[in-house]
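The structure appears right after this line, and notes come after that.
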Amino acid sequence: AQSVAQPEDQVNVAEGNPLTVKCTYSVSGNPYLFWYVQYPNRGLQFLLKYITGDNLVKGSYGFEAEFNKSQTSFHLKKPSALVSDSALYFCAVRDTPQNAGNMLTFGGGTRLMVKP
Amino acid sequence: NAGVTQTPKFQVLKTGQSMTLQCAQDMNHEYMSWYRQDPGMGLRLIHYSVGAGITDQGEVPNGYNVSRSTTEDFPLRLLSAAPSQTSVYFCASRGQLNTEAFFGQGTRLTVV
C-alpha cells in the first residue's frame, strides 16, 4: 500500500521569506511524486513531479522540490514567497506501476498562508 | 482547450435521491478517476478506469457507481444519497503512466 503524510496543517511565512511545505511518503517500489496546488473554489493545478533523475525538480511559479530517498521525503520549496502563493498544497504519490490501475494517493493537504 | 469538464458545479440533494455527476475530457486520456475531498483528509479515490469498458474500485467506493462507455466520459452515479456523501468531488484524467493527472473544477455536493 502507498501513503503520504503532510505533517503540517498550516504553514505561515512572511512575504519574501523562503518557504517549505513538508511531505513524506511510503511505497513498496519506486515512487512517482507530485505536488498540486488548489486555490479557493478551484480544482487542483499541477506544480511539479519527480519520476526519475535529478533529485531537485523545478516546477511552475518558481516552486521546486527535493526528492530524498533515504528520508522518503519530497518537500516543496520556494526561495521567496509571494502573497499570491497562499493556497492549499497537496503532495501525492504513485508507486511504480505494476499494473495500470495504480492511481494517486494524496496527503491531507497543507494550507500555506503568506503574509505581507 | 477544455481539458477536464465537470457538471454540475453545485448540487443539493435530499437524502435518498439519486443523481449523476458528469465528467468529460478531450485529451484522449486512457485513465480517468473520481476523488472526493473532505477537510483534513486530502483526496480519496472512489473509482477509476484504465480504458473504455474497464472500471475498478478505489479506497471509498460504497454508495457510488461508475461506467466508461467511451474514452471521453466517466460519469459518477450516487444511487441513494446520504449526508455522509456531502463533499467536493473531483474528476481527473491522465495519459501515459509517468505523467501527471489533470483535474476538473470540482462539484460541490450537499446532501440534506
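First to last, the sequence lines map onto chains P and W. If you read the first sequence in our numbering, its first letter stands for residue 2, the second for the next number, and so on. If you read the second sequence in our numbering, its first letter stands for residue 57, the second for the next number, and so on. Glycine residues also receive a C-beta, built at the ideal position from the N, C-alpha and C atoms.
6 Å Cβ shell around residue i - same chain, five flanking residues per side excluded
i: W/Pro131; result: Thr76 and Gln78
i: P/Phe68; result: Tyr51, Asn56 and Phe75
i: P/Gly109; result: Gln7
i: P/Glu34; result: Per the sequence presented here, residue 34 of chain P reads as Leu, with Glu not at that position. Cβ within range, chain order: Tyr51, Phe75 and Val94.
i: P/Val14; result: Leu20, Ala82 and Val115
i: W/Gly59; result: Phe158
Contact under 8 Å by Cβ, residue i with residue j
i: P/Ser87; j: P/Val115; result: yes
i: W/Tyr87; j: W/Leu99; result: no
i: P/Ser61; j: P/Leu77; result: no
i: P/Leu89; j: P/Val12; result: no
i: P/Met122; j: W/Gly151; result: Outside the modelled stretch of chain P, which goes from 2 to 117, sits residue 122 of chain P, for which no answer is possible.
i: W/Ser149; j: W/His85; result: yes
i: W/Leu101; j: W/Gly119; result: no
i: W/Thr71; j: W/Pro117; result: no
i: W/Gln62; j: W/Ala137; result: no
Span of the beta strand (DSSP E) around residue i
i: W/Thr163; result: Thr163 to Val167
i: W/Cys79; result: Met75 to Gln81
i: W/Arg92; result: Tyr87 to Gln93
i: P/Leu48; result: Leu45 to Tyr51
i: W/Tyr104; result: Leu99 to Gly107
i: P/Glu65; result: Glu65 to Asn69
i: W/Cys147; result: Ser143 to Arg150
i: P/Cys92; result: Ala88 to Asp96
i: P/Thr25; result: Thr25 to Ser27
i: W/Arg133; result: Leu132 to Leu134
i: W/Tyr120; result: Tyr120 to Val122
Residue from the options whose Cα sits closest to the Cα of residue i
i: P/Phe117; options: P/Gly109, P/Asn18 and P/Phe64; result: First, the amino acid is wrong: residue 117 of chain P is Pro here, not Phe. Ranking the options by Cα distance to P/Pro117, first place goes to P/Asn18.
i: W/Gln81; options: W/Thr142, W/Glu128, W/Gln67 and W/Ser89; result: W/Glu128
i: P/Gln72; options: P/Ser61, P/Met104, P/Pro32 and P/Gly60; result: P/Pro32
i: W/Phe146; options: W/Gly72, W/Ser105 and W/Ser89; result: W/Ser89
i: P/Tyr40; options: P/Phe64, P/Gly63, P/Phe91 and P/Lys23; result: P/Phe91
i: P/Leu45; options: W/Thr142, W/Val106 and W/Gln93; result: W/Gln93
i: W/Ser105; options: W/Pro95, W/Ser143 and W/Ser125; result: W/Ser125
Cβ neighbours of residue i in the same chain (closer than 7 Å, five flanking residues each side left out)
i: W/Gln67; result: Met75, Thr163 and Leu165
i: W/Ser123; result: Thr111 and Pro131
i: P/Glu16; result: Ala82, Leu83, Val84, Val115, Lys116 and Pro117
Residues near residue i in its chain [Cβ-Cβ closer than 8 Å; skip 5 each side]
i: W/Val168; result: Val68, Leu69, Lys70, Thr71 and Pro139
i: P/Tyr59; result: At residue 59 of chain P the sequence reads Lys, which differs from the Tyr that was named. Closer than 8 Å at the Cβ level, and outside the excluded window around P/Lys59, lie Leu49 and Glu65.
Exercise. Three or more C-beta pairs closer than 8 Å, one from the segment 153 to 163 of chain W and one from the segment 105 to 116 of chain W: is that the case here?
Worked result: no
Problem set entry | Cβ contact check for the segment 3 to 11 of chain P and the segment 27 to 47 of chain P: 3 or more pairs under 8 Å | yes
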